[in-house]
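Read the structure below first, then the notes.
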Amino acid sequence: MLHYIKKIVSVENYTIYCLFNTGEVKAVDLTSIIEKYKKINDGLVSQLSDPDYFRTVRLDSYGTLSWDNGVDFDPDNLYNMSESKIERF
């Protein structure tokens, strides 16, 4: 099954709570990814280390998280790396 995000429920620090097409709300913690890219200052993902910029996250037409600088993540990978927070929505 291919996963996609139906709704961003909330954003806390570098964790985004997402409602997936499975009906599950899962916590997607991007802290380690952001820290990794901040160390190498890649110019794109490292911009997400600014908490105000991180909170500008939006859901794109493909059902994944994206930012205005072009950074986005594969929704299937986000699903696999996330933790369930609510059984079914």
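Counting from 1, one number per residue, gives the positions in the sequence shown under full-length UniProt numbering. From the three backbone atoms N, C-alpha and C, an ideal C-beta is built for every residue, glycine too.
Cut-off 7 Å between Cβ atoms - residues of its own chain near residue i, not counting five sequence neighbours on either side
{"i": "residue 27", "result": "15, 17, 82, 83, 85"}
{"i": "residue 90", "result": "Outside the shown range of the chain, which is 1 to 89, sits residue 90, and nothing can be said about it."}
{"i": "residue 9", "result": "17, 18, 19, 25"}
Cutoff 8 Å; reference residue i; Cβ partners in own chain excluding five residues on either side
{"i": "residue 5", "result": "18, 19, 20, 21, 59, 63, 64, 65, 75, 78"}
{"i": "residue 11", "result": "17, 54, 55, 57"}
Nearest neighbour of residue i, chosen from the options [CA to CA]
{"i": "residue 72", "options": "34, 40, 10", "result": "34"}
{"i": "residue 31", "options": "25, 7, 46", "result": "46"}
{"i": "residue 80", "options": "49, 29, 7", "result": "29"}
{"i": "residue 7", "options": "41, 49, 42, 61", "result": "61"}
Residue i classed as buried or exposed, judged by whether at least 16 other C-beta atoms fall within 10 angstroms
{"i": "residue 44", "result": "exposed"}
Residue i - partner residues in DSSP beta bridges
{"i": "residue 14", "result": "Bridge partners of residue 14: none, in fact."}
Nearest-angstrom Cα separation, counted from residue j out to residue i
{"i": "residue 38", "j": "residue 69", "result": "15 Å"}
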